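J.: Those protein sequences? They're chains G and R, same order as listed. All residue numbers for the first sequence refer to our numbering, where the first residue is 1 and numbers rise by one. All residue numbers for the second sequence refer to our numbering, where the first residue is 1001 and numbers rise by one.
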Amino acid sequence: MSLAKVKTGIRYAMLALISALMVFPFIWMFLISIKPKNEIYSGSILPSAFHFENYLRVFTDTKMLLYLWNSIYVSLIIIAFQIITAIFAAYVFTVMRKKWVQFCFVLILATYMLPSAVTYIPSFILLSKVNLLDTHTGYILSEFISIFAIFFLRQSFMQVPKDVIDAAKLDGAGHLRLIFTVYIPYCKNAIASLVLITFIYSYNNYMWPSLLIKSEENMFVTIGLRRLFMSQAGYGMDFPLAMAACAISLLPMLILLAMASKRIIHSMANLYVNK
Amino acid sequence: MLTRINKNGKDNLWSLALLLPTLIPLVVFWIYPMIKTFHISFTDWNYISPDYNFVELENYKNLITDSFFAKVLKNTLVFTFFTVVPPILLGLYVAALLNKIKAFRHFFVATAFSSWITPTVVVSMVWVSIFDNDSGIINMIIKGIGLEPVKWLGGQTTAMIVVIIVTIWQYVGLAILLLTSSLAKLDPEVEKANALDGGRGLRKLMKITLPAISPILVFLFIFFTLNSLKAYDQIYILTQGGPSGATSTILYYFYVLAFEFYETGPASALAMIFLVICLLISALNFAVSKIMFKK
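#1: Within its chain, find whatever has a CB closer than 6 Å to the CB of residue 1291(R); leave out the 5 residues flanking it on each side and keep chain order.
#2: Between residue 1170(R) and residue 1123(R), is the Cβ-Cβ spacing less than 8 Å?
#3: Express the C-alpha separation of residue 1283(R) and residue 95(G) in angstroms, rounding to a whole number.
#4: Following the continuous alpha helix (DSSP H) through residue 1288(R), name the residue where it begins and the one where it ends.
#5: Would residue 33(G) and residue 244(G) be called neighbours here (beta carbons separated by less than 8 Å)?
#6: With 8 Å set as the bound, which would you pick, yes or no: does the beta-carbon of residue 186(G) sit closer than that to a beta-carbon of chain R?
#7: Which same chain residues, not among the five before or five after residue 1038(R), have their C-beta less than 8 Å away from its C-beta?
#8: Please list, in chain order, the residues of the stretch 1247-1265 of chain R that have any C-beta partner in chain G closer than 7 Å.
#9: Quick one, which of 108(G), 212(G), 196(G), 78(G) has its alpha-carbon nearest residue 255(G)'s?
#10: Out of curiosity, what's the CA-to-CA distance linking residue 122(G) and residue 1015(R)?
#11: Are at least three pairs of beta-carbons, each pair with one atom in the stretch 142-159 of chain G and one in the stretch 83-92 of chain G, less than 8 Å apart?
#12: Would the stretch 1038-1051 of chain R and the stretch 1254-1267 of chain R be scored as touching if the rule is three or more Cβ pairs under 8 Å?
#13: Take residue 1225(R) and list the residues in its own chain whose beta-carbon comes closer than 8 Å to its own, dropping the five residues that flank it on each side.
#14: On a CA-only basis, which of 1129(R), 1119(R), 1095(R) is nearest residue 1216(R)? Give me that one, please.
#15: Using only the alpha-carbon positions, how far apart do residue 93(G) and residue 161(G) sit?
#16: Helix, strand or coil, according to DSSP, for residue 1247(R) in the structure here?
#17: Does the beta carbon of residue 1001(R) sit closer than 8 Å to a beta carbon anywhere in chain G?
#18: Indicate whether the contact test is met: 3 or more Cβ pairs, each with one atom in the stretch 1129-1137 of chain R and one in the stretch 1239-1253 of chain R, closer than 8 Å.
#19: What ranges does the alpha helix (DSSP H) occupy inside the stretch 156-240 of chain G, keeping only unbroken runs of at least 4 residues that lie completely in it?
#20: DSSP puts residue 1043(R) in a beta bridge; with which residues?
#21: Is it true that the CB of residue 252(G) sits closer than 8 Å to the CB of residue 183(G)?
#22: For residue 1184(R), name the three-state secondary structure that DSSP assigns.
#23: Would you mind working out which of 1276(R), 1278(R), 1018(R), 1252(R) sits nearest residue 1068(R), comparing C-alpha positions?
#24: Where does residue 14(G) land, buried or exposed, given buried means 16+ other C-beta within 10 angstroms?
#25: Decide if the stretch 112-129 of chain G is in contact with the stretch 174-183 of chain G; the criterion is three or more beta carbon pairs, one per stretch, under 8 Å apart.
#26: Decide yes or no for the touch test of the stretch 1229-1238 of chain R against the stretch 1019-1034 of chain R: beta carbon pairs closer than 8 Å, at least 3 of them.
#27: Can you tell me whether DSSP reads residue 1154(R) as helix, strand or coil?
#28: Measuring only between beta-carbons, confirm whether residue 1134(R) sits less than 8 Å from chain G.
#29: Rounded to the nearest angstrom, what separates residue 275(G) and residue 268(G) at their Cα positions?
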């Protein structure tokens, strides 16, 4: 065997080891989720048999389905608002060279650098004054725009070639027609990436929604899981149930990854690199 | 002349119409709250009572002299220090390995990357189970080799170690993804020419590879630093800031002050201090990028 082959072998072995460490928590989650509750203390890592009843218990004993539905539909609404507002704003910031427009852009840029936690107390009080605490409407309103999405789209709008725009203008296209027939079709890949990333971010978001949403029927997946987890803390943790619920919570991500893993990886990579 | 003014006015109207859906939420949920937080930080308001007094710099003074605040700052620094550099180094190592192989590359990146897109809440719950005193695999292994099991989340140092491990595990996924894709984009011609020149191994790494990917390294450094300063989810699930405050970081302390004790004034002062820290890091980022990447 040549030295080069040995080297390649070692590389694959190291990668396999690191990959194993990276996926281990997911494997562990699955193993615990198919064990009966008393078996997790038995000292053996593998379950004696597959016990899928924990997954049934997630649906009968918890409100996981409701959390999933809340998370998905609220995320979809937020995506729609954030992307539409970002398309309009990015268009104005790309084509209008007016002083006040540029001032608005600098203002948004400045806000982007500040941690959102600074806004939590007044936003919380504001929503409580208009009776929108603990409602999806209140949360959606507070997540109406994404400053990141505006930057991201502006970046790709600036890459639209000038002759394409001029040709459309010669055809007599106004602002709206330019947006819908030139910019959006030209940047559809960037917009698709943004949709995926906004969904993942919104589905995973925890701190701010957990401060707003307190009643069970309004909870999102992350908040509901945490409630499920903490409510047992005193009585000896029901890890199999919790891990089964965790596994179910990952289903939307798994479906997304199965459908578009290359695209997600590609857009995530570009997202951070091209800034 | 007249048509030009008209067009100008029209453009202004259009700009305003298209920007309003962004500007209104921006003012209501970003700019107004920031100013308001600044205002509240000078009062003794407690959220419930209808009136409040101006206490000038009292909240800031109390925070700075508060020993718990000092502890929180120290925890934040320790946590940030140990969660920023290790994932970048690990990511660099894996990316270098991946760059030299052909098969399964996408598979390796995808497995590593899952850690980054999984909700931190879920990730943390799984790790609580992994580090559980009686049923967790870590203590199973420790018992297996005949040692005393460790109460991971019960000890001050070990709890911090667990929080750091979980965070590194999550960050590594992003580091691997970004570094692999930027190494793959390196110009193969430059690499070849350099190899002919006799530049190999460490010298090649220092002279060619690292400078070429330095924008990504700087980005990861700043991104992880800001992310670690803002860490909350994993701390809330894993330790709730305990035991006895050993894993409380700035943002966690802010949460406790503002939303458990309703000490709105002090919490706002803490938020303003946090804001200044984040601004300093952003400024540092800006300065470093200016110096390193000026062309």
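We put the beta carbon where it would ideally sit given N, CA and C, even for glycine. All figures in this text were calculated on a predicted structure; none of them were measured in a lab.
T.: By the coordinates alone:
#1: Along the second sequence, read from residue 1 onward, the residue named residue 1291(R) stands at position 291. Around residue 1291(R): no qualifying Cβ.
#2: Stepping through the second sequence from its first residue, residue 1170(R) is reached at position 170. Stepping through the second sequence from its first residue, residue 1123(R) is reached at position 123. Contact flag set, yes.
#3: As a position in the first sequence, residue 95(G) is number 95, starting the count at 1. As a position in the second sequence, residue 1283(R) is number 283, starting the count at 1. In a straight line, the C-alpha of residue 95(G) is about 28 Å away from that of residue 1283(R).
#4: Position 288 of the second sequence, counting from 1, holds the residue named residue 1288(R). From DSSP, the alpha helix (DSSP H) with residue 1288(R) extends over 1264-1293.
#5: Along the first sequence, read from residue 1 onward, the residue named residue 33(G) stands at position 33. Along the first sequence, read from residue 1 onward, the residue named residue 244(G) stands at position 244. Contact flag set, yes.
#6: Your numbering for residue 186(G) matches position 186 in the first sequence. Chain R contact via Cβ: absent.
#7: Translated into the one-based positions of the second sequence, residue 1038(R) becomes position 38. 1268, 1272.
#8: 1251, 1254, 1258, 1259, 1264
#9: On the first sequence, position 255 is the one that residue 255(G) refers to. Among 108(G), 212(G), 196(G), 78(G), the Cα nearest to that of residue 255(G) belongs to 196(G).
#10: Here residue 122(G) refers to the residue found at position 122 of the first sequence. Here residue 1015(R) refers to the residue found at position 15 of the second sequence. Distance between the alpha carbons of residue 122(G) and residue 1015(R) is about 29 Å.
#11: yes
#12: yes
#13: The residue given as residue 1225(R) occupies position 225 in the second sequence. Counting only Cβ-Cβ distances below 8 Å, and skipping sequence neighbours, we find 1080, 1084, 1281.
#14: Start at 1 with the first residue of the second sequence, and residue 1216(R) comes out as number 216. Here the closest residue by C-alpha is 1095(R).
#15: For the purposes of this step, residue 93(G) is taken as residue 93 along the first sequence, with counting starting at 1. For the purposes of this step, residue 161(G) is taken as residue 161 along the first sequence, with counting starting at 1. Between residue 93(G) and residue 161(G), the C-alpha separation is close to 16 Å.
#16: Taking the second sequence and counting its residues from 1, one reaches residue 1247(R) at position 247. Residue state, collapsed to three classes: coil.
#17: Here residue 1001(R) refers to the residue found at position 1 of the second sequence. Interpretation of residue 1001(R) is limited by its pLDDT of 46, a score under 50 that renders its predicted location unreliable; the figure taken from the coordinates is listed afterwards. No, because no Cβ of chain G sits closer than 8 Å to the Cβ of residue 1001(R).
#18: no
#19: 162-170, 175-178, 188-204, 207-212, 221-230
#20: Your numbering for residue 1043(R) matches position 43 in the second sequence. Per DSSP, 1054(R).
#21: Position 183 of the first sequence, counted from the first residue, corresponds to residue 183(G). Position 252 of the first sequence, counted from the first residue, corresponds to residue 252(G). No, they are not a contact pair.
#22: Here residue 1184(R) is taken as the residue at index 184 of the second sequence, counted from 1. In this structure, residue 1184(R) counts as helix in the three-state DSSP scheme.
#23: Position 68 of the second sequence, counted from the first residue, corresponds to residue 1068(R). Answer by Cα proximity: 1252(R).
#24: In the first sequence, the residue the question calls residue 14(G) occupies position 14. So residue 14(G) counts as exposed.
#25: no
#26: no
#27: Locating residue 1154(R) in the second sequence gives position 154, counting from the first residue. DSSP places residue 1154(R) in helix when its eight states are reduced to three.
#28: Reading the second sequence from its first residue, position 134 is the one you call residue 1134(R). Yes, residue 1134(R) counts as interfacial toward chain G.
#29: Indexing the first sequence from 1 puts residue 275(G) at position 275. Indexing the first sequence from 1 puts residue 268(G) at position 268. Any answer about residue 275(G) is weak, because its pLDDT of 45 lies below 50 and its placement is not dependable; what the coordinates show is given next. Their backbone Cα atoms lie some 12 Å apart in a straight line.
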